[in-house]
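Please read the structure below before turning to the comments.
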Amino acid sequence: MTEKHMLSVLVEDKPGVMQRVSGLFRQRAFNIDSIAVGPCEKEGFSRITLVTSGDEKVLEQVRKQLEKLVEVIKVSEMNPDECVVRELALAKIHAPTGAIRSEIIQYANIFRASVVDVGPETLTIEITGDPDKIKAFLDMMKPFGIRELVRTGITSITRGARLIEEV
Amino acid sequence: MVVMRGGKAIIEGLKREGVKVAFGLPGGAVIELYDAIYDETDIRHILVRHEQCAAHAADGYARASGEVGVCIATSGPGATNLTTGIATAYMDSSPIVAITGNVVRPLIGKDAFQEIDATGITMPITKHNFRLTDPRDIPYTIKAAFQIAKSGRPGPVHIDFPRDVIQAEAEMDFPERIELPGYKPTLKGNFAQIKKAAELLANAERPVIMAGGGAVHSNATKELIQLAEMLGAPIITPLMGKSCVPESHPLVLGLVGMHGRKPSNFAVSEADVLLGVGTRFSDRSTGAVAYFSTESKKIHIDIDPAEIGKNVPVDVPIVGDARLVLQDLIKILEKMALKKKTAWIEKIEQWKKEFPPKYDYPDAIPLKPQQVMKEVMEVLGEDDIVTTEVGQCQMWAGHYLTRNKIRTFISSGGLGTMGFGFPAAMGAKVARPESNVVDIAGDGSFLMVCQDLATVVENNIPVVVLILDNRALGMVRQWQMLFFDKRYSAVDFRAQPDFVKLAEAFGARGELVERPGEVAPALKEAFDSGKPTVINVIVDRDECVFPMIPPGAKMTEMIG
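Heads up: the sequence lines are chains A and B, in that order. Under the working numbering, the letters of the first sequence match residues 168 to 334, in that order. Under the working numbering, the letters of the second sequence match residues 9 to 568, in that order.
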């Protein structure tokens with residue numbers, strides 16, 4: 168059965184490492200639904216949060232093939248029930264009148280999103296949350312007109328004292 | 009800490025890794041490296057005529073010796089010409105280090121003369137690759153490249169040096185040991201898993217051992233034979249496993265797969281426990297995977313965890329070095345009561361009697377390839393090395409030539425690269441000059457790389473190329489004959505060269521053989537001559553390689 172799987176991949180911060188990871192997915196016809204990367208607590212290393220889809224067999228191959236890359240230190244499968252999952256989205260919403268602006272701001276407040284920029288005809292909203300929350304908010308914004316949308320991709324960390332590399 | 013130029017540091021790094029030979033062809037981006045080679049006496053540089061041959065020769069050197077092979081090329085077309093050879097080594101897990109130059113750092117990304125993103129190209133066909141940006145990284149990188157190439161599951165590593173990195177003078181620190189935080193191959197198998205495997209094998213009625221290229225890499229000959237004898241289990245080999253066990257041994261059944269021997273294909277199909285050792289169960293060795301060895305519980309030993317369960321579902325996975333795991337397995341089995349497998353052994357003997365390879369066509373003109381193989385066998389010594397091109401010639405050699413010593417059969421199994429055998433023979437001969445080396449070639453394959461006859465003549469590397477000349481791309485032709493109503497599309501050559509004259513034009517010996525009984529003397533004379541020789545054997549164009557599992561069919565549904 169095809170399912171979504173979230174992986175946290177600790178890699179050496181070297182040139183080309185993202186190309187190696189993304190190239191591997193293309194080469195072996197694995198899917199990347201989302202990918203986010205940034206430096207982590209260890210100097211010289213980065214952590215990639217990656218969402219892929221496929222059955223158990225595909226997931227096993229994804230993990231093993233990733234682990235084969237020389238610059239990959241560890242691949243951890245993140246169980247959504249035991250992790251905090253967050254994504255950040257910036258959405259530029261069409262807001263030509265005062266009435267529309269205040270309506271949008273009310274929605275933003277309900278979703279604990281914030282207005283980060285205002286223009287004569289637009290409001291730019293920043294929203295952080297799990298993908299469901301972001302989807303719900305964007306669904307509410309659709310009727311107003313989403314002029315532009317930028318998303319970071321999903322990031323994730325384990326709950327409690329347990330570290331990602333202990334998963 | 010020593011101050012030296014990048015080029016000198018590369019050579020020093022190679023020497024510290026024990027490199028004795030490098031195959032290469034210079035160009036602008038590596039001219040300073042070649043300037044350093046000019047003074048070098050410890051490393052023999054062999055100048056090839058095409059970079060593809062440098063990579064294949066390094067590969068052949070690696071496969072014949074077990075050491076890392078080295079090839080060098082310039083930027084741009086030099087690098088792209090290497091790629092077929094690198095990909096060939098990658099698919100067959102052969103340890104080579106490929107060195108390329110690139111344009112100077114300030115020109116990178118400017119589409120400069122002979123600039124190409126060489127590491128971008130080789131990323132999916134190398135175990136790992138490096139592009140240097142700092143000359144001080146040279147010693148570490150070369151150490152790392154060799155460590156990665158030869159350890160774990162071996163494979164090619166590519167290093168790309170911008171020209172100004174090679175030119176630059178810098179403080180070089182040559183480390184004795186390095187740490188790669190994300191690279192730790194598992195050598196020792198998990199004891200509990202090995203115990204499970206032992207229990208399955210001890211209770212098996214019809215065990216079969218399938219030993220692939222990993223068994224060659226880990227040098228597991230002794231352990232495989234010991235285990236086979238303990239268990240009464242036949243050993244079958246996919247092409248990459250050929251020569252890992254002596255094929256004259258009564259329990260060794262030979263090649264398995266699409267053009268395997270019938271006893272091998274029958275045995276694996278009827279097995280109740282199948283032990284895979286360093287094999288990746290490739291499509292060419294399993295036939296249609298849904299029908300592959302359906303009655304067996306499967307144990308799979310491989311040093312690469314990603315190979316386990318990739319192609320074939322496995323009951324007992326064991327990650328580790330084939331030889332070390334087999335040693336542990338044997339220790340456990342020695343304490344267990346093992347069943348006598350009289351019925352199984354009798355059945356196998358029956359298959360062997362019923363389906364022996366047929367060699368004898370003493371009267372056929374044009375010659376049958378089987379007869380040619382028979383005559384080759386008459387001359388070939390135990391330590392002599394066979395390389396092959398790809399296609400029918402490869403399958404004739406794989407199926408019909410008995411090899412009894414490890415690393416005496418070298419062939420492009422995974423990538424199936426036509427043009428591999430001849431340069432690989434050159435590399436093998438350089439690695440093991442005391443052995444005779446013969447490339448079993450086709451006329452199609454050999455023409456792809458024949459320019460390097462100049463290299464073997466110039467460097468006095470006396471290899472023999474034995475062409476099974478059918479004036480066609482035989483294997484494609486065979487498929488068109490069997491599955492496409494003999495619609496021979498673009499497979500028949502109408503203007504092949506005179507291979508004898510071709511050889512002589514390069515200063516090599518050339519021989520034409522058209523009659524049965526003349527192959528063996530010609531080959532013996534070629535070996536004795538100590539000169540590079542091309543023996544052109546005119547063979548029957550319509551002879552097909554049988555048996556054959558038709559595409560998509562079960563292993564037991566072989567034709568021919």
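Note that CB positions come from ideal geometry on N, CA and C, so glycine has one too.
Legend entry - Closest Cα partner of Lys192/B within the set Asn246/A, Val334/A, Glu238/A and Val225/A: Glu238/A
Inset, instruction - Can you check the region 218–276 of chain B for any alpha helix (DSSP H) of at least 4 residues that lies completely inside it and give the ranges in chain order? - result: 221–225 and 229–239
Legend entry - Classification of Asp368/B by the beta-carbon crowding that lies within 10 angstroms, buried from 16 upward: exposed
Inset, instruction - Could you check how far apart the C-beta atoms of Ile104/B and Ala70/B are, in whole angstroms? I think they sit under 8 Å. - result: 6 Å
Inset, instruction - Let me know the secondary structure DSSP gives Lys302/A once reduced to three states. - result: Three-state DSSP puts Lys302/A in a helix.
Legend entry - DSSP bridge partner residues for Asn544/B (one or two, in chain order): Per the DSSP secondary-structure output, Asn544/B pairs in a beta bridge with Ile475/B and Leu520/B.
Legend entry - Pairwise C-alpha distance: Leu22/B and Ala153/B: 10 Å
Inset, instruction - Give the residues of chain B in contact with Ile240/A, contact being defined as C-beta atoms less than 7 Å apart. - result: Pro189 and Gly190
Inset, instruction - Give, in chain order, every residue of the region 152–168 of chain B whose Cβ lies closer than 7 Å to some Cβ of chain A. - result: Ile156
Inset, instruction - Check Ser281/A in the structure and name its three-state DSSP category. - result: strand
Legend entry - For Ala449/B, three-class secondary structure by DSSP: strand
Legend entry - Residues near Glu386/B in its chain [Cβ-Cβ closer than 8 Å; skip 5 each side]: Ala528
Legend entry - Nearest to Pro85/B (by Cα), restricted to the options Val111/B, Glu551/B and Asn478/B: Val111/B
Inset, instruction - Determine the extent of the alpha helix (DSSP H) in which Ile353/B is found, giving its start and end residues. - result: Thr350 to Glu362
Legend entry - Range of the contiguous beta strand (DSSP E) that encloses Leu342/A: A query on residue 342/A cannot be resolved here, the shown segment of chain A reaching from 168 to 334 and no further.
Legend entry - Whether Ile217/B touches Leu283/B by CB criterion (8 Å): Yes.
Inset, instruction - Assign Met344/B to one of two classes, buried (16 or more other C-beta atoms within 10 Å of its C-beta) or exposed (fewer than that). - result: exposed
Legend entry - C-alpha distance - Met556/B paired with Met266/B, whole-angstrom precision: Distance between the alpha carbons of Met556/B and Met266/B: 5 Å.
Legend entry - Own chain residues within Cβ distance below 7 Å of Met307/A, not counting five before or after: Within the same chain, Cβ atoms closer than 7 Å to the Cβ of Met307/A are found at Tyr274, the five residues on either side in sequence being excluded.
Legend entry - Interface residues of the region 103–131 of chain B facing chain A [CB-CB below 9 Å]: Thr127, Gly128 and Met131
Inset, instruction - Could you tell me whether any Cβ in chain B is nearer than 8 Å to the Cβ of Glu223/A? - result: The beta carbon of Glu223/A does not come within 8 Å of any beta carbon belonging to chain B, so the residue lies off that interface.
Legend entry - Whole alpha helix (DSSP H) elements within the region 189–254 of chain A, 4-residue minimum: 223–235
Legend entry - Interface residues of the region 313–337 of chain B facing chain A [CB-CB below 9 Å]: Pro313, Ala314, Glu315, Ile316, Gly317, Lys318 and Pro321
Legend entry - Backbone CA spacing between Leu261/B and His225/B [nearest angstrom]: Taking the straight line from one Cα to the other gives about 20 Å.
Legend entry - Within 8 Å, strictly: CB atoms of Thr350/B and Gly183/A: no
Inset, instruction - Determine the extent of the beta strand (DSSP E) in which Arg314/A is found, giving its start and end residues. - result: Taken as a continuous stretch (DSSP letters only), the beta strand (DSSP E) holding Arg314/A covers Ile313 to Arg318.
Legend entry - Where the region 209–236 of chain B meets chain A: residues whose CB sits under 9 Å from a CB there: none
Legend entry - Contact with chain B by Gly286/A, beta-carbon distance below 8 Å: no
Inset, instruction - Identify the contact partners of His136/B in chain A, using a Cβ-Cβ distance below 7 Å as the criterion. - result: Val237
Legend entry - Under 8 Å by beta carbon: chain B residues contacting Glu332/A: Under the 8 Å cutoff, chain B gives no residues; its nearest Cβ is about 12 Å from Glu332/A.
Inset, instruction - Please check if any C-beta of chain B sits within less than 8 Å of the C-beta of Arg214/A. - result: Chain B contact via Cβ: absent.
Inset, instruction - Compare the beta carbon distance of Cys61/B and Thr396/B with 8 Å and say whether it is the shorter of the two. - result: no
Inset, instruction - Provide the residue span of the beta strand (DSSP E) that contains Asp310/B, from first to last. - result: In the DSSP assignment, Asp310/B falls within the unbroken beta strand (DSSP E) covering Lys305 to Asp310.
Inset, instruction - Spell out the partners DSSP gives Asn169/B in its beta bridges. - result: The amino acid at residue 169/B is misidentified as Asn; the sequence shows Phe. Beta-bridge pairing links Phe169/B to Gly109/B.
Inset, instruction - Say whether the region 40–56 of chain B touches the region 463–472 of chain B, bearing in mind that this needs 3 or more beta-carbon pairs closer than 8 Å, one atom from each stretch. - result: yes
Legend entry - Collapsed DSSP secondary structure at His261/A in the structure displayed: strand
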